[in-house]
Amino acid sequence: MIGTIIKNTGSWYVVRTDDGQLFSCKVKGNFRLRGIRSTNPVAVGDRVEVRPPQPPVGGEGKDAPNDVGGRLHSEEEQEGLRVGLITEILDRKNYIIRRATNLSKQSHILAANVDQVLLLVTIAHPETSLTFVDRFLAVAEAYRIPVILVFNKTDLYDASELQQLHEWMNLYQSLDYPCVPCSALSGEGIEQISDLLRDRMTLLSGNSGVGKSTLLNTLVPGLEVRTEEISEAHDTGQHTTTFSQMFDLPTGGSLIDTPGIKGFGTFDIEREELGHYFREIFSIGQQCRFQDCTHTHEPHCAVLEAVADGRISQSRFTSYLGMLEDKDEDRYRKGY
Ligand SMILES: Nc1nc2c(ncn2[C@@H]2O[C@H](COP(=O)(O)OP(=O)(O)O)[C@@H](O)[C@H]2O)c(=O)[nH]1
Ligand SMILES: [Mg+2]
Ligand SMILES: [Zn+2]
Numbered sequence: 046m047i048g049t050i051i052k053n054t055g056s057w058y059v060v061r062t063d064d065g066q067l068f069s070c071k072v073k074g075n076f077r078l079r080g081i082r083s084t085n086p087v088a089v090g091d092r093v094e095v096r097p098p099q100p101p102v103g104g105e106g107k108d109a110p111n112d113v114g115g116r117l118h119s120e121e122e123q124e125g126l127r128v129g130l131i132t133e134i135l136d137r138k139n140y141i142i143r144r145a146t147n148l149s150k151q152s153h154i155l156a157a158n159v160d161q162v163l164l165l166v167t168i169a170h171p172e173t174s175l176t177f178v179d180r181f182l183a184v185a186e187a188y189r190i191p192v193i194l195v196f197n198k199t200d201l202y203d204a205s206e207l208q209q210l211h212e213w214m215n216l217y218q219s220l221d222y223p224c225v226p227c228s229a230l231s232g233e234g235i236e237q238i239s240d241l242l243r244d245r246m247t248l249l250s251g252n253s254g255v256g257k258s259t260l261l262n263t264l265v266p267g268l269e270v271r272t273e274e275i276s277e278a279h280d281t282g283q284h285t286t287t288f289s290q291m292f293d294l295p296t297g298g299s300l301i302d303t304p305g306i307k308g309f310g311t312f313d314i315e316r317e318e319l320g321h322y323f324r325e326i327f328s329i330g331q332q333c334r335f336q337d338c339t340h341t342h343e344p345h346c347a348v349l350e351a352v353a354d355g356r357i358s359q360s361r362f363t364s365y366l367g368m369l370e371d372k373d374e375d376r377y378r379k380g381y
């Protein structure tokens, strides 16, 4: 049977088959993914093949998930889901990974087959930094995954914060990112967000405290995801226990929530390539004299000129330089 992974708790996965059955699954023991060293072989959003475990014939079936630890103990199994075994993964459209730590080569797959990402940002309470937003956008650009920027908690903003909201929205709208001001509490913007999410698989992302769980509860009636989760505290820790889940939207489509994950993290982008992932730097950079211009010191650099005369925003350029610097450090530490 073919289905979609809709939940991941540790080594257990809930798969919903295309005919609507729910299975609580483990992954077949010898399952390997080509080319990715990741802590999880499959992730929420993956399309997989599921088989009921082999009945034990005169002993334990070799593939039976019951082998592991001897006893079934997943939450879902206790809730009466059938037990299954993931035996194959179907081709992925894309996947989003995050390195366990900056220096680690091991990655964790956050989600697969996503159509777009909703990045929840707050101007204040807490403030999301523009650097964070720009890094996030650059990595999404590299993955070719569209991002919707949603500015939450508008009900809390004072005059100067509202002013800042407009500036930020102007900046990112000018770069063709859809921007929606919203209040998960008052309901402002919710309808517009619903429209953008319709019939798509969307990954929900953003710093802790920006209102992801609250927004989820607003968009999915009947859901009561806990807000202000404590798991976020482990965010910078080495071994985040990730627990991802996909929620169906009443209007069609789904939202994937990955608590404890605030960003994509970094991944390997060549120095000369980084500018491709900042839309305005990419387009203006076409006019630089050198094709591999890093827009830092080169003569006749169109990007430096555009920063000087305000066509490229200083904050965007600062974010770009920050990412370049990180790359230098990475290089140094890893010795490549
Ligand atoms: N005033 C206001 N508070 C909000 C809004 N959205 C979320 N919050 C509050 O912000 C806090 C963190 O929200 P939560 O959904 O747990 O954030 P998460 O960490 O991103 O999941 C909670 O106390 C929410 O009630 C909003 O639009 N307006
Ligand atoms: Mg939360
Ligand atoms: Zn240049």
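In the working numbering, the protein residues as written are 46 to 381.
Each residue gets a CB set at the ideal place from its N, CA and C atoms; glycine is no exception.
Query                                                                                                              : Result
Rounded separation between residue 254 and residue 171 - CA only                                                   : 7 Å
Residue 255 beta carbon near ligand 1 (any heavy atom closer than 6 Å)                                             : yes
Rounded C-alpha distance that separates residue 289 from residue 237                                               : 25 Å
Exposed unless 16 or more other CB atoms sit within 10 angstroms - verdict on residue 356                          : exposed
Test item: CB-CB of residue 128 and residue 98 under 7 Å                                                           : yes
Alpha-carbon spacing of residue 232 relative to residue 367, whole angstroms                                       : 36 Å
Beta-ladder partner(s) of residue 129, from DSSP                                                                   : 70
Reduced DSSP category for residue 205 - H, G, I as helix; E, B as strand; rest coil                                : helix
Cβ contact (3+ pairs, closer than 8 Å) linking the segment 156 to 173 and the segment 193 to 206                   : yes
Residue 228 and residue 199 closer than 7 Å at C-beta                                                              : yes
DSSP state of residue 48 mapped onto helix, strand, coil                                                           : strand
Neighbourhood of residue 213 by C-beta, 6 Å cutoff - its chain only, sequence neighbours within 5 removed          : none
Same chain, Cβ closer than 6 Å to residue 46, neighbours up to 5 away in sequence not counted                      : 62, 95
CB-CB length for residue 83 against residue 126, believed under 8 Å                                                : Going by Cβ atoms, the distance from residue 83 to residue 126 rounds to 25 Å, so no, they are not a contact pair.
Under 7 Å between C-beta atoms of residue 164 and residue 192                                                      : yes
Three-state secondary structure (DSSP) of residue 290                                                              : strand
Reduced DSSP category for residue 184 - H, G, I as helix; E, B as strand; rest coil                                : helix
Same chain only: Cβ atoms within 6 Å of residue 272, ignoring 5 sequence neighbours per side                       : 258, 259
Residue environment, residue 325, which counts as buried when at least 16 other CB atoms sit within 10 Å           : buried
Beta strand (DSSP E) segment containing residue 196, residue limits                                                : 192 to 196
Supposed contact pair residue 333 and residue 342 - C-beta distance, whole angstroms, cut 8 Å                      : Their Cβ separation, rounded to whole angstroms, is 12 Å, which puts residue 342 and residue 333 out of contact at 8 Å.
Beta-carbon gap between residue 247 and residue 300 smaller than 7 Å                                               : yes
3 or more residues per run - each beta strand (DSSP E) lying fully within the segment 221 to 246                   : 224 to 226
Start and end residues, beta strand (DSSP E) containing residue 92                                                 : 92 to 96
Outcome for residue 250 when other beta-carbon atoms lying within 10 angstroms are tallied against a minimum of 16 : buried
Residue 110 versus residue 130 - alpha carbon distance                                                             : Its pLDDT being 49, under 50, residue 110 is placed unreliably by the model, and the measurement read from it follows with that caveat. Computed Cα separation, rounded: 7 Å.
Same chain, Cβ closer than 7 Å to residue 202, five either side skipped, listed in chain order                     : 168, 169, 210
Residue 258 Cβ short of 6 Å to ligand 2 heavy atom set                                                             : yes
Inter-residue Cα distance where the pair is residue 383 and residue 57                                             : Here the chain comprises residues numbered 46 to 381, so residue 383 is not present and cannot be evaluated.
Cβ-based burial, residue 335 [other Cβ within 10 Å; buried from 16]                                                : exposed
DSSP state of residue 357 mapped onto helix, strand, coil                                                          : coil
Exposed unless 16 or more other CB atoms sit within 10 angstroms - verdict on residue 303                          : buried
Cutoff 7 Å; reference residue 387; Cβ partners in own chain excluding five residues on either side                 : The chain is shown only over 46 to 381; residue 387 falls outside these bounds and no answer can be derived.
Residue 410 beta carbon near ligand 3 (any heavy atom closer than 6 Å)                                             : There is no way to answer for residue 410, as the model of the chain reaches only from 46 to 381.
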